[in-house]
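Peer 1: If you're matching positions, the sequence shown starts at 159 in the numbering used here and goes up one per residue.
Backbone N, C-alpha and C fix where the C-beta goes; we use that ideal spot for every residue, glycine too.
Everything numeric in this text was worked out from a predicted model, so none of it was measured.
Just dropping this structure here.
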Amino acid sequence: MSEATPILTPPGNSSPTQLEATMTAALFPRPAGADTQQLSLLGDPRPVRTPAKLWRVWLSDPATRQRFEAKRYRRGSDQCWPWIGAISSTGHGSFRAASLSGLSRRGTVPAHLYAYQLEHGIIDRLGWSALTDPILCHRCDFAGCTNPRHLRLGTAGDNRSEYLARRHSHSSPLADTRGTAGLSRAVADAIRTALSAQEPASVIEGRIQDAFIAGQPWALW
Ligand SMILES: [Zn+2]
159 MSEATPILTP PGNSSPTQLE ATMTAALFPR PAGADTQQLS LLGDPRPVRT
209 PAKLWRVWLS DPATRQRFEA KRYRRGSDQC WPWIGAISST GHGSFRAASL
259 SGLSRRGTVP AHLYAYQLEH GIIDRLGWSA LTDPILCHRC DFAGCTNPRH
309 LRLGTAGDNR SEYLARRHSH SSPLADTRGT AGLSRAVADA IRTALSAQEP
359 ASVIEGRIQD AFIAGQPWAL W
């Protein structure tokens with residue numbers, strides 16, 4: 159969950175019934191062949207539409223999955239799994255699933271979206287404009303996280319209210335003085351540097367903690 163997670167509609171209210179319907183539609187997508195598409199934003203105001211058939215290829219291709227796993231740093235099952243590849247201006251990981259020609263950036267997708275769909279399957283109508291259409295939120299508020307356990311489907315309204323409620327908490331990644339992109343890049347840099355120096359996981363763990371703490375508001379006092 160973060161301010162920068164794709165939001166294509168103004169915040170609105172959504173009754174539990176609507177949300178339930180959204181979840182059901184998302185978890186049990188229409189049959190293959192239906193005109194399923196997703197919109198995603200990568201710090202770019204122009205939404206990019208990605209057909210489900212492309213997602214199916216990217217999620218099932220072993221070489222693509224291998225490239226994806228090489229860019230996410232897995233830790234304990236309840237911990238954040240930081241993306242160590244490219245970071246978008248919104249602080250989300252960017253994964254180049256494929257190089258597609260043309261003006262669209264369809265081949266580059268948010269890393270957390272790839273991670274979620276790898277675990278749960280393709281989400282129908284993600285990021286579309288209706289208030290009941292799903293968006294993907296970070297439970298942990300760390301935009302660079304790709305642990306599927308830290309991701310959930312919600313609506314733009316949910317995401318907005320959670321952001322407003324949590325951004326003033328000093329320990330929240332949303333309060334980071336470097337901004338969401340600054341935080342994600344600092345964590346990714348720390349891990350990449352440690353990996354290239356072949357440091358043990360326990361040392362890398364300390365470097366990750368330091369990278370998070372460095373941007374907390376009270377760290378400057
Ligand atoms: Zn996380």
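Taking Asp-236 as the reference, give the member of Gly-302, Pro-306, Pro-209, Asp-282 with the closest Cα.
Peer 2: As a first step, residue 236 is located in the sequence shown; it is residue number 78 there, counting from the start. Among Gly-302, Pro-306, Pro-209, Asp-282, the Cα nearest to that of Asp-236 is on Pro-306.
Peer 1: Spatial neighbours of Asp-193 within its chain, please: CB distance less than 6 Å, with the 5 preceding and 5 following residues excluded, ordered by chain position.
Peer 2: Taking the first residue of the sequence shown as 1, we reach residue 193 at position 35. Note that Asp-193 has pLDDT 47, beneath the 50 cutoff, so the model's placement of it is unreliable and the number below is only indicative. Nothing listed; no residue qualifies.
Peer 1: Can you say whether Gly-251 is buried or exposed, counting buried as having 16 or more other CB atoms within 10 angstroms of its CB?
Peer 2: The residue you call residue 251 lines up with position 93 of the sequence shown. The residue is buried, with at least 16 neighbouring Cβ atoms inside 10 Å.
Peer 1: For Asp-316 versus Cys-295, is the C-beta distance shorter than 8 Å?
Peer 2: The residue you call residue 316 lines up with position 158 of the sequence shown. The residue you call residue 295 lines up with position 137 of the sequence shown. Yes, the pair counts as a contact, with Cβ atoms nearer than the cut-off.
Peer 1: For Thr-266, which residues does DSSP report across the bridge?
Peer 2: Taking the sequence shown and counting its residues from 1, one reaches residue 266 at position 108. The partner list for Thr-266 (beta bridge, DSSP) reads Arg-254.
Peer 1: Of the residues Gln-224, Trp-241, Ala-228, Lys-229, which one's Cα is nearest the Cα of Ala-339?
Peer 2: Numbered from its first residue, the sequence shown carries residue 339 at position 181. Residue Trp-241 is the option with its Cα nearest to Ala-339.
Peer 1: Phe-300: beta carbon under 7 Å from a heavy atom of ligand 1?
Peer 2: As a working mapping, residue 300 is identified with position 142 in the sequence shown. Answer for Phe-300: yes, Cβ within range of ligand 1.
Peer 1: Tell me the rounded alpha-carbon separation between Ala-301 and Pro-331.
Peer 2: Translated into the one-based positions of the sequence shown, residue 301 becomes position 143. Translated into the one-based positions of the sequence shown, residue 331 becomes position 173. Each residue's alpha carbon lies about 8 Å from the other.
Peer 1: By how many angstroms is the C-alpha of His-328 removed from the C-alpha of Thr-335?
Peer 2: Mapped onto the sequence shown, residue 335 falls at position 177. Mapped onto the sequence shown, residue 328 falls at position 170. Going by the C-alpha atoms only, they are around 10 Å apart.
Peer 1: According to the Cβ coordinates, are Leu-341 and Gly-249 closer than 8 Å?
Peer 2: Here residue 341 is taken as the residue at index 183 of the sequence shown, counted from 1. Here residue 249 is taken as the residue at index 91 of the sequence shown, counted from 1. Yes, the pair counts as a contact, with Cβ atoms nearer than the cut-off.
Peer 1: How many Å lie between Ala-210 and Gly-265 at the Cα?
Peer 2: Here residue 210 refers to the residue found at position 52 of the sequence shown. Here residue 265 refers to the residue found at position 107 of the sequence shown. Those two C-alpha atoms are separated by around 13 Å.
Peer 1: For Pro-331, which of helix, strand or coil comes out of DSSP?
Peer 2: To locate residue 331, count along the sequence shown from 1; it is residue 173. In this structure, Pro-331 counts as helix in the three-state DSSP scheme.
Peer 1: Quick one: grab the DSSP three-state call for Trp-239.
Peer 2: As a position in the sequence shown, residue 239 is number 81, starting the count at 1. It is coil, neither helix nor strand.
Peer 1: Under the rule that 16 or more other beta-carbon atoms within 10 Å means buried, what is Arg-318, buried or exposed?
Peer 2: By 1-based counting over the sequence shown, the position of residue 318 is 160. Buried, since its Cβ has 16 or more Cβ neighbours within 10 Å.
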